[in-house]
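Written below as structure tokens is the structure these notes are about.
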Amino acid sequence: MRRLSYADPRPALWVVSLLIALAAGVYTGLSAYDTASFFDSVEPRYVSDEIYYVDTARRLLQNVFQVDIDYYSYSGKTSEDYYNAEHPPLGKYIIALSMLLCGDRPLCWRLPSVVEAGLIPVILWAGLALAYRGVLGPVAGAAAALAAASDPVLRVMGSVAMLDIHQAFFTALAIALAANRRFIPAISAAGLAASVKMSGGAIVLATATVAASWAQGSIWRRLAVFTAGLLIGGSVYIALYAPLVLHFGPMWVIEETINALKWHTTSRPPGPPASSVLGWIINSNPFYLSLEGRVMAAVTNTVVHATALGFAAIALLAELLERRGRPSWPGVAHVYMLFILILYTAVYLAGNRTLYSFYSVQLTPIAAAVIGEATAAMLTWRCRADKHAPSPSTEGYAPEASPKGE
40 MRRLSYADPR PALWVVSLLI ALAAGVYTGL SAYDTASFFD SVEPRYVSDE
90 IYYVDTARRL LQNVFQVDID YYSYSGKTSE DYYNAEHPPL GKYIIALSML
140 LCGDRPLCWR LPSVVEAGLI PVILWAGLAL AYRGVLGPVA GAAAALAAAS
190 DPVLRVMGSV AMLDIHQAFF TALAIALAAN RRFIPAISAA GLAASVKMSG
240 GAIVLATATV AASWAQGSIW RRLAVFTAGL LIGGSVYIAL YAPLVLHFGP
290 MWVIEETINA LKWHTTSRPP GPPASSVLGW IINSNPFYLS LEGRVMAAVT
340 NTVVHATALG FAAIALLAEL LERRGRPSWP GVAHVYMLFI LILYTAVYLA
390 GNRTLYSFYS VQLTPIAAAV IGEATAAMLT WRCRADKHAP SPSTEGYAPE
440 ASPKGE
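Basically our numbering = 1-based index in the sequence shown + 39.
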């Protein structure tokens, strides 16, 4: 039987790969929906920290946007002047929009989370499948989709109306776009991730770094690209505060942002189990979102995350050893892994010892993308060992591929 050429992908491979990605997305979405609907019909109540975000979303609709719908109160209520200002507003806007379109009930709050969780494997598939030439694309995309769907924390956080799944969604979108060198949309998506939770700032930095690394020309041009990326991401972040600025005034937003930075670098009072970044990977002291009706813990797929961490280290080493000025690893996700680990480690060292394991869902699309890109890298390197293989280590990676005939 004739060997499959890396330059001559067969349509069947693309079809199978797409079906795998769709199956991964449907599985993730249905799993999240099953839990979300359980806490709507069987036990209609807030789950874990939902009360803070849902009550804030309700208050934003009532007081900031002056929207009058049928509002309901469930198992509690926050203070009338509480707006969850320790986090940026986009996640609450999304929950508020779901209330407006669907109604103020538990399942409606959670539907955006369900949809986004189901879309993350498909987005990663599309991003990686289109970023590589030949069979590398569909294989890398399928690997990333399966890795994402296998992570329990994605399904758990996709079933509740909290902020982290929205941040993970925009992180996946930023990676998929950056892998295809669509840097302005990528940095915009990164800005949206930062507009959900401040830790998304690491995604802005990572995307700007990737864009600068691919820029042609002098170090000053690369610095200009990096700076432009920060400005675009920052502009998205600031723009989403506009309703709050108009309602409360700019000084309120500035003061609350400063307070939020202090809040994020100090530990919470004793309470739920807290962990560290390493603890997330090995599932040490996982955070339990529910102990009644249905037990839900924010645990990760240790194999996926540990493997991704190892591949990210190899990718960074390959970049450091590169001397030709071009990225030698066919991918970008390891840069995101580096920046997110630096951020959370810095927060931990700054004094915040209460890093809860549900934060780790932001790592899910990053780890899955690293797995997909590592699959492409191994296939590329194996292909190089063959007489028929192209020589550059990045060959097969579409954004930097040479024109035909070169």
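All residues carry an ideal CB built from backbone N, CA and C; glycine is no exception.
On a predicted model such as this, the values are computed, not experimentally measured, just so you know.
Taking only the alpha-carbon atoms, compute the straight-line gap between residue i and residue j and give it to the nearest angstrom.
i	j	result
S44	L175	Because the pLDDT at S44 is just 42, under 50, the model does not fix this residue reliably, and the value given afterwards should be weighed accordingly. C-alpha separation (whole angstroms): 11 Å.
G230	L360	31 Å
V153	S189	16 Å
W164	L279	29 Å
A251	Y85	43 Å
T339	F326	11 Å
G166	N219	7 Å
F209	S257	31 Å
S396	N322	8 Å
G68	R260	43 Å
M335	S329	5 Å
V54	G240	36 Å
V342	P191	12 Å
L289	A225	This sequence places Pro at residue 289; Leu is not what is there. Using only the alpha carbons, I get a separation of about 28 Å.
G310	S118	20 Å
H303	I90	19 Å
G318	P312	11 Å
E412	I242	18 Å
W291	F104	17 Å
R172	L146	41 Å
L283	D107	18 Å
E331	T393	23 Å
Y132	A337	24 Å
L139	G197	20 Å
V264	K236	24 Å
Quick check: residue i and residue j, are their CB atoms within less than 8 Å of each other?
i	j	result
G273	T246	no
A200	I134	yes
A71	A211	no
H373	A385	no
A415	V178	yes
P151	S234	no
A187	P369	no
I410	F350	yes
Y375	I204	no
K116	D94	yes
I320	L348	yes
A299	E125	yes
Which one or two residues does DSSP pair with residue i in a beta bridge?
i	result
V70	According to the sequence shown, residue 70 is Ser rather than Val. Paired residues: none, contrary to the question.
L394	S314
Using a Cβ-Cβ cut-off of 8 Å, state whether residue i counts as contacting chain D.
i	result
T339	No chain D appears in this structure, which consists of one protein chain only.
Could you tell me which of the options sits nearest to residue i, measuring between CA atoms?
i	options	result
R144	L69, S76, G68 and A233	S76
R97	T74, Y121 and N219	Y121
P50	F378, K116 and A168	A168
L38	L402, I271 and Y398	Because the chain in this structure spans residues 40 to 445, residue 38 falls outside the shown range and cannot be described.
F378	R172, S238 and Y111	S238
A182	L317, L58, A352 and G310	L58
N391	G180, E412, K301 and V195	K301
A207	S399, G411 and M138	S399
R194	E412, Q401 and P311	Q401
G180	A62, I320 and A337	A62
S137	W291, A124, R172 and L99	L99
Y111	G142, G130 and K131	G142
V371	L140, S56 and F222	F222
Which parts of the region 318-371 are runs of the alpha helix (DSSP H), unbroken and 4 residues or longer, counting only runs that do not cross its ends?
Counting whole runs of 4 or more residues, the region 318-371 contains the alpha helix (DSSP H) stretches 341-360.
Please give me, in chain order, every unbroken run of the alpha helix (DSSP H) with length at least 4 that falls completely inside the region 209-296.
Note on the region 209-296: whole alpha helix (DSSP H) runs with a minimum of 4 residues are 222-233, 240-253, 258-278 and 281-287, in chain order.
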